[in-house]
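Engineer:
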Amino acid sequence: MPINSSSRENGDIVITSGDRLTIENAAEFSRIAREALTTAHVVTVEFEPDVAIDITGIQLICSACRSASAVGKVFTCRGSQPHSLAEIISSSGAERNVACKYNNDSSCFWFGGVP
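So my numbering is basically just the index in the sequence shown, starting at one, shifted up by 38.
So this is what it looks like as structure tokens:
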């Protein structure tokens, strides 16, 4: 399943992860996230349950969240965190349980904090 996005009636945009968020499709995810953040105040990612995520996926998520925060927008997720994301966060040492200075000093829920 490919990465795609859809608009909600309220103007929010939902990006569906597809089956891979890896180096092979990093450019596509980045393009979709950038386009979504130019038009919507809230951009939400929905992960496929068995999505494959590598370190590039973590970088894309962090970059999109940081870009959203810089312009007063929200980049968030809906549903449960996929196992592959939790695994790559843990194995790469990217766990964060403190406020993120790039996300308005909010807890980094992407990497182990609470929303």
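By construction, the Cβ of each residue, glycine as well, lies at the ideal position given by its N, Cα and C atoms.
Around the Cβ of Arg-58, are there at least 16 other Cβ atoms within 10 angstroms (buried) or fewer (exposed)?
Structural biologist: buried
Engineer: Just the Cα atoms here: how many angstroms apart are Met-39 and Ala-137?
Structural biologist: 34 Å
Engineer: So the beta strand (DSSP E) Arg-116 belongs to, where does it begin and stop?
Structural biologist: 112-116
Engineer: Could you tell me the boundaries of the beta strand (DSSP E) in which Thr-221 lies?
Structural biologist: As shown, the chain starts at 39 and ends at 153. That puts residue 221 outside it, with no answer to give.
Engineer: Can you tell which of Glu-66, Ser-45, Thr-94 has its C-alpha closest to the C-alpha of Val-81?
Structural biologist: Ser-45
Engineer: What number of angstroms, rounded off, separates the C-alpha of His-121 from the C-alpha of Thr-77?
Structural biologist: Cα to Cα, the separation comes out at about 30 Å.
Engineer: Counting C-beta neighbours from all protein chains within 10 Å, is the total for Ala-65 16 or more, i.e. buried, or is it exposed?
Structural biologist: exposed
Engineer: Rounded to the nearest angstrom, how far is the Cβ of Ile-41 from that of Thr-54, given a contact under 8 Å?
Structural biologist: 7 Å
Engineer: Could you spell out the range, first to last residue, of the alpha helix (DSSP H) harbouring Glu-125?
Structural biologist: 121-130
Engineer: In or out: Val-95 buried (at least 16 other Cβ within 10 Å) or exposed?
Structural biologist: Reading the sequence as shown, one finds Gly at residue 95 and not Val. Burial call: buried.
Engineer: For the segment 70-95, list the beta strand (DSSP E) runs that are entirely contained and at least 3 residues long, ordered along the chain.
Structural biologist: 80-84
Engineer: Can you pull the DSSP bridge partners for Leu-59?
Structural biologist: Ile-91
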